[in-house]
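S.K.:
2 protein chains.
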Amino acid sequence: MQFTAQTSSNGVLERSFTLGDITGVLFSPESGSVEGAPLLLSGHSGGMHKRAPGLVASAQHVVTSKGYTVAAIDAPGHGDRPRNARDQQWVDALHAARAAGESMDPIITDYNISLAERAVPEWQATIDALQALPEIGAGAPIGYGGTTLGVAIGLMLTIAEPRITAAVFGPVLAYQALIDAAPQLTLPVEFTIAWDDEEIGRERGLELFDAVGSTDKALHIYPGRHQRMATFMADNHARFFEKHLGRIAEPAI
Amino acid sequence: MQFTAQTSSNGVLERSFTLGDITGVLFSPESGSVEGAPLLLSGHSGGMHKRAPGLVASAQHVVTSKGYTVAAIDAPGHGDRPRNARDQQWVDALHAARAAGESMDPIITDYNISLAERAVPEWQATIDALQALPEIGAGAPIGYGGTTLGVAIGLMLTIAEPRITAAVFGPVLAYQALIDAAPQLTLPVEFTIAWDDEEIGRERGLELFDAVGSTDKALHIYPGRHQRMATFMADNHARFFEKHLGRIAEPAI
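Chains A and B, in that order, give the protein sequences. Here the first sequence is numbered in the working numbering, starting from 1 and rising by one per residue. Here the second sequence is numbered in the working numbering, starting from 254 and rising by one per residue.
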């Protein structure tokens, strides 16, 4: 893991990093992380990147109010990472379907399944590298939060990765592969549905929640569309993480 | 409004009262209420009463942590109030249906509709009397919280009563009359569904939430049955009331 740039403002240190092909960013308290502070992995939405505005705002909030460290990486072909020819075909097909007023669901499904297959081992390598940093270490509790593509990736990641012990999943197109995998999800988890989202249907979101294996699960439903929900880590979700991952009583800022 | 008895423990003063035929209880800070402190009306479940254990625990929490005043009254024929012959027939029918393994829904529907018709003006008279107390006054923000029967009554009450400005509704058998009335509900409101409750179906709960007219509405879904949800005012619901009704920064205890 190579740190390539850093800035800081309002008490938050923001460090860009690379890990092989992966590009990422780490948010931490400017004055230094407290040993054992929880680590939150943040998965951006489809078409967005590691510095999506809602993601950054949520990360800053969690760092300053709870003393957490937050890591985000670009999904394959997103943000600072070059897009390969196959991914470009999917993106072109998405634009064409939207322009034609046709459903994007089949394309999103195939594209997200492919992205998740590639992103899960990337997140796992990122966790390895983060745990090797002295300021994080192997003892920090790890949570995951994401929306849309960040759920498609995060759901498979949290099933594969026992080091993650709590997750918050925002609105997502709940295709069948996610519903089929959901019974294997057994960590404490919160879901959100945007009730009036035409692109992401309600019913499959309910079906996904129903299929989740966790006994400690909750679903929060709000009116509106999923774009309104970008601050998924704020407020009640931050409290959820605090309950399951703990907090640093006195953030070091 | 006549106060008939009072006790206090752990910083909470608990005063029994009567108002005509109505029997009720008022929970307030032992050291005295702060002027303008929010007033929370608490509606008990079907078959329960104004001192149901979950209701009392929630009331004590809100009084001590937020400085609120909490009022609860017995529904007609519940708690300290005599049950009339017609209500007794409904209760007998409920017991018979349960013993026979038959659906109680049609009986609960008729019984709750009748109870709500009678309880709404009782709650309105109670609000009048509470606002006439110098320690509450006309300026205190008013919220309502309830489960099952407390929702059946509270939903009609909050539609009829503009003095109530925020409501939290726990699990309820969402019969058609409630769904038909829901578009008239326009205050900030939170609902809860117990996802695995065979007696209270999921689908009609979702339909009820969908029909609610409020733009500021949320639905929280948890696994399990509705009996687990008695502490509906705790945690996130207490925060909801704090957002909409305010809080007393320094509870006077």
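Beta carbons are placed, not taken as given, at the ideal position from N, Cα and C, and that holds for glycine. Computed from a prediction, not measured in an experiment: that's the story for all the values here.
1) Within the continuous beta strand (DSSP E) that includes S33 (chain A), where are the two ends?
2) Using the beta-carbon count (16 or more within 10 Å), is A138 (chain A) buried or exposed?
3) Just to make sure I have the definition right: I need the residues of chain B whose C-beta is within less than 7 Å of the C-beta of P223 (chain A). Which are they?
4) Within 10 angstroms of its Cβ, does G354 (chain B) collect 16 or more other Cβ (buried), or is it exposed?
5) Cβ of D87 (chain A) within 9 Å of Cβ of G77 (chain A)?
6) Taking the C-alpha atoms as reference points, what is the distance between G47 (chain A) and I200 (chain A)?
7) Determine the chain A residues that contact F256 (chain B) at a beta-carbon separation under 7 Å, and present them in chain order.
8) Look up F232 (chain A) in the DSSP assignment and say whether it is helix, strand or coil.
9) Which full runs of the beta strand (DSSP E) of 3+ residues lie inside the stretch 318 to 399 of chain B, going along the chain?
10) Kindly list, in the order they appear in chain B, the residues whose Cβ is closer than 8 Å to that of H220 (chain A).
11) Can you name the residues of chain A whose CB is closer than 9 Å to the CB of F462 (chain B)?
12) Using a Cβ-Cβ distance under 9 Å, would L440 (chain B) count as near chain A?
13) Determine, for L206 (chain A), whether the minimum Cβ-Cβ distance to residues of chain B falls below 9 Å.
14) Give a yes or no on whether the C-beta atoms belonging to K50 (chain A) and P476 (chain B) are separated by under 9 Å.
15) Give me the DSSP bridge partner(s) of H44 (chain A).
16) Would you mind reading off the limits of the beta strand (DSSP E) that contains E14 (chain A)?
17) How long is the line joining the alpha carbons of V465 (chain B) and A324 (chain B), rounded to whole angstroms?
18) Check whether the stretch 371 to 383 of chain B touches the stretch 267 to 274 of chain B, counting contact only when three or more Cβ pairs, one atom from each stretch, lie closer than 8 Å.
19) Of all the options B:P424, B:A491, B:F270, which has the alpha carbon lying nearest to the alpha carbon of R334 (chain B)?
20) Once you ignore the five residues that flank V404 (chain B) on each side, which residues in its own chain have a CB closer than 6 Å to its CB?
21) Have a look at the DSSP bridge pairing and note the partners of G277 (chain B).
22) Exposed or buried, H95 (chain A), counting other C-beta atoms within 10 Å across all chains shown (16 or more means buried)?
23) Would you mind sorting A140 (chain A) into buried or exposed? The rule is 16 or more other CB atoms within 10 Å of its CB.
24) Do the CB positions of I127 (chain A) and R163 (chain A) come within less than 9 Å of each other?
25) Tell me whether the beta-carbon of S286 (chain B) lies closer than 9 Å to the beta-carbon of E451 (chain B).
26) When the Cα atoms are used, what is the spatial distance from F3 (chain A) to F240 (chain A)?
27) I think L29 (chain A) touches V63 (chain A), with their Cβ atoms under 8 Å apart; what is that distance to the nearest whole Å?
28) Which same chain residues end up closer than 8 Å to G457 (chain B) when comparing Cβ atoms and leaving out the 5 residues on each side of it in sequence?
29) In whole angstroms, what is the alpha-carbon distance linking S367 (chain B) and R478 (chain B)?
30) Mark A167 (chain A) as exposed unless 16 or more other C-beta atoms lie within 10 angstroms of its C-beta, in which case mark it buried.
31) According to the neighbour-count rule (16 or more other Cβ atoms, all chains shown, within 10 Å of its Cβ), is A59 (chain A) buried or exposed?
32) Sorted by chain position, which residues of the same chain lie with C-beta nearer than 6 Å to H490 (chain B)'s C-beta, five sequence neighbours on each side aside?
33) If you run the structure through DSSP and keep just helix, strand and coil, what is I406 (chain B)?
M.R.: Answer, in terms of the structure:
1) Against the first sequence, residue 33 (chain A) aligns to sequence position 33. First-last for S33 (chain A): undefined, no H or E at that position.
2) Taking the first residue of the first sequence as 1, we reach residue 138 (chain A) at position 138. A138 (chain A) comes out exposed.
3) The residue given as residue 223 (chain A) occupies position 223 in the first sequence. Correct list: T468, K470.
4) Sequence index remark: in the second sequence, residue 354 (chain B) carries index 101 (1-based). Counting Cβ neighbours within 10 Å, G354 (chain B) comes out exposed, since fewer than 16 surround it.
5) In the first sequence, residue 87 (chain A) corresponds to position 87, counting from 1. In the first sequence, residue 77 (chain A) corresponds to position 77, counting from 1. Yes; because the gap between Cβ atoms is below 9 Å, this pair is in contact.
6) As a first step, residue 47 (chain A) is located in the first sequence; it is residue number 47 there, counting from the start. As a first step, residue 200 (chain A) is located in the first sequence; it is residue number 200 there, counting from the start. Taken atom to atom, the span from the alpha-carbon of G47 (chain A) to that of I200 (chain A) is near 15 Å.
7) Residue numbering aside, residue 256 (chain B) sits at position 3 when the second sequence is read from its first letter. The premise fails here: F256 (chain B) is roughly 38 Å from chain A at the closest Cβ pair, so nothing lies under 7 Å.
8) Within the first sequence, numbered from 1, the residue matching residue 232 (chain A) stands at position 232. Note that F232 (chain A) has pLDDT 43, beneath the 50 cutoff, so the model's placement of it is unreliable and the number below is only indicative. If DSSP states are grouped into helix, strand and coil, F232 (chain A) belongs with coil.
9) If we require 3 residues or more, the beta strand (DSSP E) runs fully inside the stretch 318 to 399 of chain B come out as 322 to 326, 395 to 399.
10) Within the first sequence, numbered from 1, the residue matching residue 220 (chain A) stands at position 220. Correct list: A471, L472, H473, I474.
11) Numbered from 1 along the second sequence, position 209 holds the residue referred to as residue 462 (chain B). Correct list: W195, I221.
12) Reading the second sequence from its first residue, position 187 is the one you call residue 440 (chain B). For L440 (chain B), the answer is no, since every Cβ of chain A falls outside 9 Å of its Cβ.
13) Along the first sequence, one-based indexing puts residue 206 (chain A) at 206. Closer than 9 Å to some Cβ of chain B, the Cβ of L206 (chain A) qualifies, so yes.
14) Position 50 of the first sequence, counting from 1, holds the residue named residue 50 (chain A). Position 223 of the second sequence, counting from 1, holds the residue named residue 476 (chain B). K50 (chain A) places its beta carbon 9 Å or farther from that of P476 (chain B).
15) As a first step, residue 44 (chain A) is located in the first sequence; it is residue number 44 there, counting from the start. Bridge partners of H44 (chain A): none, in fact.
16) As a position in the first sequence, residue 14 (chain A) is number 14, starting the count at 1. 12 to 19 is the span of the beta strand (DSSP E), which, as asked, contains E14 (chain A).
17) Counting from one through the second sequence, the residue named residue 465 (chain B) turns up at place 212. Counting from one through the second sequence, the residue named residue 324 (chain B) turns up at place 71. V465 (chain B) and A324 (chain B): Cα-Cα distance of roughly 25 Å.
18) The stretch 371 to 383 of chain B vs the stretch 267 to 274 of chain B: in contact.
19) Residue mapping note: residue 334 (chain B) aligns to position 81 of the second sequence, counting from 1. Scanning B:P424, B:A491, B:F270 for the CA closest to the CA of R334 (chain B) turns up B:F270.
20) To locate residue 404 (chain B), count along the second sequence from 1; it is residue 151. Cβ neighbours of V404 (chain B) beyond the five flanking positions: F422, V425.
21) Numbered from 1 along the second sequence, position 24 holds the residue referred to as residue 277 (chain B). As a beta-bridge residue in DSSP terms, G277 (chain B) pairs with B:F270, B:I326.
22) In the first sequence, counting from the first residue as 1, residue 95 (chain A) sits at position 95. Note on H95 (chain A): under 16 other CB atoms within 10 angstroms of its CB, so exposed under the neighbour-count rule.
23) Locating residue 140 (chain A) in the first sequence gives position 140, where the first residue counts as 1. A140 (chain A) is buried by the Cβ-count criterion.
24) Translated into the one-based positions of the first sequence, residue 127 (chain A) becomes position 127. Translated into the one-based positions of the first sequence, residue 163 (chain A) becomes position 163. Yes, they are a contact pair.
25) As a working note, residue 286 (chain B) is residue 33 in the second sequence. As a working note, residue 451 (chain B) is residue 198 in the second sequence. Judged by beta-carbon spacing, E451 (chain B) lies beyond the 9 Å limit of S286 (chain B), meaning their Cβ atoms are not closer than that value.
26) In the first sequence, the residue the question calls residue 3 (chain A) occupies position 3. In the first sequence, the residue the question calls residue 240 (chain A) occupies position 240. In a straight line, the C-alpha of F3 (chain A) is about 30 Å away from that of F240 (chain A).
27) Within the first sequence, residue 29 (chain A) is the residue found at index 29, counting from 1. Within the first sequence, residue 63 (chain A) is the residue found at index 63, counting from 1. At residue 29 (chain A) the sequence reads Pro, which differs from the Leu that was named. Their Cβ separation, rounded to whole angstroms, is 6 Å, which keeps P29 (chain A) and V63 (chain A) in contact under 8 Å.
28) Counted from its first residue, the second sequence places residue 457 (chain B) at position 204. Before going further, note that residue 457 (chain B) is Arg rather than Gly in the sequence given. Closer than 8 Å at the Cβ level, and outside the excluded window around R457 (chain B), lie L426, A427, Y428, I432.
29) Translated into the one-based positions of the second sequence, residue 367 (chain B) becomes position 114. Translated into the one-based positions of the second sequence, residue 478 (chain B) becomes position 225. Our two residues, S367 (chain B) and R478 (chain B), have alpha carbons roughly 25 Å apart in a direct line.
30) Translated into positions along the first sequence, residue 167 (chain A) becomes position 167. Flag for A167 (chain A) reads buried.
31) Taking the first sequence and counting its residues from 1, one reaches residue 59 (chain A) at position 59. Buried: at least 16 other Cβ atoms inside 10 Å.
32) As a position in the second sequence, residue 490 (chain B) is number 237, starting the count at 1. Non-local C-beta neighbours of H490 (chain B) in its own chain, meaning closer than 6 Å and more than five positions away in sequence, comprise V421, ordered along the chain.
33) Here residue 406 (chain B) refers to the residue found at position 153 when the second sequence is read from its first residue. Helix at I406 (chain B).
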